[in-house]
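Going by the working numbering, the sequence shown opens with residue 445, and the numbers climb by one from there.
The beta carbon of each residue, even a glycine, is placed where N, CA and C say it ideally should be.
Just below is one structure, and these are the notes that go with it.
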Amino acid sequence: YLTIPIWGVYGAALGTIFAEFSVTIIQYYYMAKDIELNGLFKGVLKYLLFALISTIPCYFIFITLGTHIYTTLLQVFVAIIIYMFLLIVTKDELLMIFTKKGAK
Numbered sequence: 445y446l447t448i449p450i451w452g453v454y455g456a457a458l459g460t461i462f463a464e465f466s467v468t469i470i471q472y473y474y475m476a477k478d479i480e481l482n483g484l485f486k487g488v489l490k491y492l493l494f495a496l497i498s499t500i501p502c503y504f505i506f507i508t509l510g511t512h513i514y515t516t517l518l519q520v521f522v523a524i525i526i527y528m529f530l531l532i533v534t535k536d537e538l539l540m541i542f543t544k545k546g547a548k
């Protein structure tokens with residue numbers, strides 16, 4: 445609420461990000477007492493990197509084509525293709541498990 449009068453919609457976004465980050469830190473603190481979380485972050489880092497890589501072309505699509513429903517659909521399609529490509533190329537364990545279960 446404090447950043448909205450100053451930055452408007454960007455302040456609302458910033459406030460939301462800060463609030464969610466704060467909640468995540470608090471949850472991590474209490475979960476760390478009961479659950480071993482160090483191994484969890486090793487796996488998450490790869491997926492976070494893949495998500496970042498798949499987002500970069502979407503940004504350039506937005507810059508080139510602007511805001512439109514077709515642009516959004518194209519961005520979603522491109523992001524899915526790139527993300528899946530990265531999972532396949534790295535022979536992701538979870539993807540292999542799901543594809544084996546789906547083949548049965």
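Please name the residue in the options whose C-alpha comes closest to that of residue i.
i           : options               : result
residue 521 : 464, 507, 539 and 499 : 499
residue 496 : 462, 450, 463 and 526 : 526
What three-state label does DSSP hand residue i in the structure shown?
i           : result
residue 479 : coil
residue 446 : coil
residue 487 : helix
residue 459 : helix
If I measure Cβ to Cβ from residue i and keep anything under 6 Å in the same chain, skipping five residues before and after, which residues do I get?
i           : result
residue 458 : 447
residue 501 : 522
Note down, in chain order, each residue of its chain lying with its Cβ closer than 8 Å to the Cβ of residue i, except the 5 sequence neighbours on either side.
i           : result
residue 532 : 539
Looking at residue i and the ligand MG, is the gap between the Cβ and the nearest heavy atom below 7 Å?
i           : result
residue 475 : With respect to the ligand MG, the structure offers nothing, as it holds no ligand at all.
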